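Residue numbers for the sequence shown, in the numbering used here: 580 to 1191.
Accompanying notes for the structure given below.
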Amino acid sequence: MSADPPHLRGLDPAQREAATFGIAGRPPAPSPPLLILAGAGTGKTRTLAHRVAHLVVQGADPRRILLLTFTRRAAEELIRRVERLCLELAGPRAPLAEGIVWAGTFHAVAARLLRHHAEALGLPPAFTVLDRADSADLLDLVREEEGLARIDRRFPKKDTCLAIYGLVVNSGQSLEAVLRRRFPWCGEWHDELKGLFRAYARAKAAQGVLDYDDLLLALERALAEPALAAELRGLFDHVLVDEYQDTNPLQGRILTALAPDGRGVTVVGDDAQAIYGFRAATVRNILDFPNAFTTPVTIVKLERNYRSTRPILEAANAVMGLAREGFRKTLRSERASAQKPRLVHLEDEHAQVDHVVRSVLEAREQGLRLADQAVLFRTAHHSAQLEVELVRRGIPFVKYGGLKFLEAAHVKDVLAILRLAENPADRVAGLRVLQLLPGIGPGTARRLLDAAAARGRGLAGLAELRPPAAARLLWAELATLLVELEAAVLWPGQIERVRRFYDPLLPELHDDPAPRLADLDQLQAVAQRFSDRRRFLTELALDPPAAASDEAGVPECGTSFFGENGEMTRAGRGHPRISSSCRDRAAGSLPSRAGRRRPCRRWPQNPRRGRI
């Protein structure tokens, strides 16, 4: 029997070294900076959970542990694992892992820290956070006010402007450099874009709203103030960062500002998996980490792969060996196989579709169920011909991909009402809410909001205005609702109150109301996990769940799966018996991050089976 305590049992030597490095004494002092290089399939999440559990078991105050993860769900899963490990050690009297209150994405943690120090940073305590779509809408309003939508040459659209703005903020590069390298066709608009972004910043300040990028900018600004930086650093003894290869320069600067000497810092990642590139993410953060601090950095490599077979790892090692720069590691596995990965060159789209379908059917004839097969494709539109061919040949499938939850119009409607109640100066929310009523378009909504603002009575002033005749029946009801919500102290029941107003409007506003009502039921269920409206709105804007009505259906056990590469690879790690094909593979073409989708009801013990 192993002499290791329960929370360290089952770890291989490298995982154990990573889990225990530098943790000594009771309580343990912050350890020297540690980089855990976790190759694909090497048990990264497990190792990180065991390291956190070891800190807690050794007496570290869980309230002074900061976990920065790729998604909110990753933080929740990590904490659940830590809780289980602590309970295995000492039962109900184990150190309380649920005391880890600082866990989440960089943006979510930044939002919480900014709430505590809003006044010192010149921020309104009730600031609201705009999601990407609302940020684009506000930028579009400013774009129109600045006259850039009425010029005689085509000015970049709102989404392009927001993408440029985000890259400037997150990369730390100048606007000129971003335009030259990423948006050369917008180079002629340098001066106009610079003015637009300044006006956009003024509009956000006036309305008391922050966008996604402002959260990190404001936190970096806070860490540049000596007194405030000392207070923020004093909150944490141990800072652990997951998926460090997917962080951007701004996040890297925040980490080093939180712990200038690196003590107590652990980052986990793999330079070979830096494939997403969200918001200017750069592999440089992990490559340069060994030289980021005055204290020497220790590197522990996880190289034993528990997911793949030897032929696959041999191919992967050969590809990684061609890299001009990076950490050298050799993945190994005890799982032998006679199958080797194949690279197939085909002439055109039709030939690709035919090859994939024939491969699926051949594997099925050899005994591999459709439910154990997956097809990955680069982006959603690449699936069109494949879907047609699968239907033509009578092959059942489930497609994963679609709108994010907060991109659904009906969900945005309900959230806009709550946001306006939380922050009456939020103009994007106000414009959306007023246009729910018949007879009110964008121009009328602007005039009504301007008139309400001029009265200086906040939401109460809306009831005194004269709306268009078509909106009068609902106007008083909406005004009453907003005033009630603004004054509400208790969070439970607020969404139900909004739905009493909104649900009757749904058939008039949107087609196919039944699945939209199911989405609102899901939204109401999600809301129950939060203690107040402000926390709910912030967390949902930063890390939204997936929408139930966006799914293609519930898979049957004889159904094959296909979806965007990022969606499938993030969703189903750890399921070895599977066959997959990748379409439209090209360098740098892996798409955006995964969403969460509903599992097959007939696989309750293994809900992600069939995905890779």
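Each residue gets a CB set at the ideal place from its N, CA and C atoms; glycine is no exception.
In this text, all values refer to a predicted model and were calculated from it rather than measured experimentally.
(1) Kindly identify the DSSP beta-bridge partner or partners of M817.
(2) Judging by CA-CA distance, which residue of L1016, L1027, L1044, P1046 is the nearest neighbour of L1085?
(3) Please name the residue or residues paired with I615 in a DSSP beta bridge.
(4) Is it buried or exposed for Q918, if we count other Cβ within 10 angstroms and need 16 for buried?
(5) How many Å lie between R595 and G973 at the Cα?
(6) So, is D790 buried or exposed, given that buried needs 16 or more other C-beta atoms within 10 angstroms?
(7) Thinking just about the alpha-carbon of each residue, which of P611, L901, L1121, A988 is nearest to the one in V876?
(8) Please report the distance separating the alpha-carbon of Q852 from that of A859.
(9) According to the Cβ coordinates, are D849 and A617 closer than 7 angstroms?
(10) Could you check how far apart the C-beta atoms of D992 and L999 are, in whole angstroms? I think they sit under 8 angstroms.
(11) What does the alpha-carbon distance come out to for the pair V936 and N864?
(12) Can you tell me which of V1068, E1087, L1064 puts its alpha carbon nearest to the alpha carbon of R1076?
(13) I need the boundaries of the beta strand (DSSP E) containing F956, first residue and last residue.
(14) Could you check what DSSP says for L692 in three-state terms: helix, strand or coil?
(15) Leaving aside the five residues before and after F734 along the sequence, list all residues of the same chain whose C-beta is less than 8 angstroms from its C-beta, in chain order.
(16) Relative to the C-alpha of N827, which residue among G745, N749, A653, V636 is closest?
(17) Does the ligand SAM have even one heavy atom less than 6 angstroms from the beta-carbon of R595?
(18) Going by other Cβ atoms of all chains shown within 10 Å of its Cβ, with 16 needed for buried, is H586 buried or exposed?
(19) Give me the Cα-Cα distance between V1217 and L940, rounded to the nearest whole angstrom.
(20) I need the boundaries of the beta strand (DSSP E) containing G683, first residue and last residue.
(21) Around the Cβ of E1118, are there at least 16 other Cβ atoms within 10 angstroms (buried) or fewer (exposed)?
(22) Between the stretch 905–914 and the stretch 873–887, are three or more C-beta pairs nearer than 8 angstroms?
(23) At the level of alpha carbons, what is the spacing between G1020 and Q1014?
(24) Please list, in chain order, all residues of the same chain as F600 whose beta carbon is under 7 angstroms from its beta carbon, the five residues on each side excluded.
(25) My output table needs one value for P1170: the three-state DSSP class, helix, strand or coil.
(26) Just tell me which of R630, R660, R1026 has its CA closest to the CA of V1193.
(27) Based on Cα-Cα distance, which residue from A942, Q830, A1067, P703 lies nearest to G787?
(28) Helix, strand or coil, according to DSSP, for R625 in the structure here?
(29) Could you tell me the distance, in whole angstroms, from the CA atom of L1088 to the CA atom of A1055?
(30) Pick helix, strand or coil for L1015, following the three-state DSSP scheme.
(31) Checking 7 angstroms against the spacing of the C-beta atoms, do G638 and R660 come in under that value?
(32) Once you ignore the five residues that flank R1152 on each side, which residues in its own chain have a CB closer than 6 angstroms to its CB?
(33) Quick one: residues in its chain with C-beta nearer than 6 angstroms to the C-beta of P1046, no 5 flanking neighbours on either side, listed in chain order?
On the basis of the coordinates in this document:
(1) Checking the sequence shown, residue 817 turns out to be His, not Met. The partner list for H817 (beta bridge, DSSP) reads I644.
(2) L1016
(3) V847, V879
(4) exposed
(5) 50 angstroms
(6) The residue in question, D790, is buried, as its Cβ has 16 or more Cβ neighbours within 10 Å.
(7) The shortest C-alpha separation from V876 is found at P611.
(8) Each residue's CA atom was taken as its position, placing Q852 and A859 some 15 angstroms apart.
(9) yes
(10) About 11 angstroms separates the Cβ atoms of D992 and L999, ruling out a contact at the 8 angstroms cut-off.
(11) 41 angstroms
(12) L1064
(13) 952–956
(14) In the three-state reduction of the DSSP assignment, L692 falls in the helix class.
(15) R722, L727, A728, W768, E771
(16) N749
(17) Summarising the ligand content, the structure contains no ligands, and the ligand SAM is consequently not present.
(18) buried
(19) Because the chain is modelled from 580 through 1191, residue 1217 falls outside the range shown and cannot be assessed.
(20) 681–683
(21) buried
(22) yes
(23) Roughly 6 angstroms separates the two Cα atoms.
(24) These residues qualify, in order along the chain: S610, L613, T877, V879.
(25) Residue placement at P1170 is flagged as unreliable, the pLDDT there being 36, under the threshold of 50; a coordinate-derived value is accordingly withheld.
(26) Because the chain here runs from 580 to 1191, residue 1193 falls outside it and cannot be looked at.
(27) Selected option, being the one with the closest Cα: P703.
(28) helix
(29) If you take the alpha carbons of L1088 and A1055, they lie about 19 angstroms apart.
(30) coil
(31) no
(32) Summary for R1152: the model assigns pLDDT 43, below 50, so the residue's position carries little reliability; its value from the coordinates is reported in the next sentence. So the list is empty, once near-sequence residues are dropped.
(33) W1054
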